[in-house]
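Student: Just so we're aligned, residue 42 is where the sequence shown starts under our numbering, counting upward by one.
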Amino acid sequence: ENVIAIGDAVSTVNFLGGEGIRHGMLSANIACKYIEQFLDDRSSFQSYQAEMRAVFLNTWKISERLGMKKYLQDSDTLVDKVVTYLKPLTLEDVVDILFYYKFEKASKGLMSYFWRKLTAFFTRIK
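The following block contains the structure:
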């Protein structure tokens, strides 16, 4: 009762990018305000839990699914295909996807992907 944990203690990790420092620091910032409230009026930490969920839960769910698939299910061949798909993206785009959860940037590789598929198809039928 009335215990608060931050950082790695509550698994504030980016499953997809494999890092957690920023998440740990953010969870510490969030925790600070609730620790202050607790010390002032002995309130509970339920609001901390609610804010942590509001800040992290959606991106954690997406990242966990993608990370589990990538690291546990995908073969090396599929990983190579993903790397090829990512070729048209800049380093900044990849960092934005992996570490800032800007998944919309992944669509930049679609045109290149479809072009390669069409080219391969027409090469086969010639």
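C-beta: ideal position from N, C-alpha, C; glycine also.
When burial is assigned at 16 or more other CB atoms within 10 Å of the CB, is Tyr-75 buried or exposed?
Tutor: When all chains shown are included, Tyr-75 counts as buried.
Student: Based on the DSSP secondary-structure assignment, which residues constitute the bridge partners of Glu-60?
Tutor: The partner list for Glu-60 (beta bridge, DSSP) reads Asn-55.
Student: Find the nearest neighbour of Lys-149 within the set Asp-134, Leu-159, Phe-56, Ala-161, judged by alpha-carbon distance.
Tutor: When only C-alpha atoms are compared, the closest one is Asp-134.
Student: Would you mind reading off the limits of the alpha helix (DSSP H) that contains Lys-122?
Tutor: Run containing Lys-122: 117 to 127, per the alpha helix (DSSP H) assignment.
Student: Please check the pair Glu-92 and Ile-71, which I expect to be a contact at CB under 8 Å, by giving their CB distance rounded to whole angstroms.
Tutor: Contact flag correct, Cβ pair sits at about 5 Å.
Student: Can at least three beta-carbon pairs, one atom from the region 92 to 101 and one from the region 118 to 131, be found at a separation below 8 Å?
Tutor: No, the region 92 to 101 does not touch the region 118 to 131.
Student: Thr-131 to Glu-145, Cα distance in whole Å?
Tutor: Computed Cα separation, rounded: 14 Å.
Student: Using a threshold of 8 Å, state whether the C-beta atoms of Ser-84 and Gln-90 are closer than that.
Tutor: No, Cβ-Cβ distance for Ser-84 and Gln-90 is not below 8 Å.
Student: Along the chain, where does the alpha helix (DSSP H) that runs through Ile-45 open and close?
Tutor: Premise fails: Ile-45 is in no alpha helix (DSSP H) and is neither H nor E.
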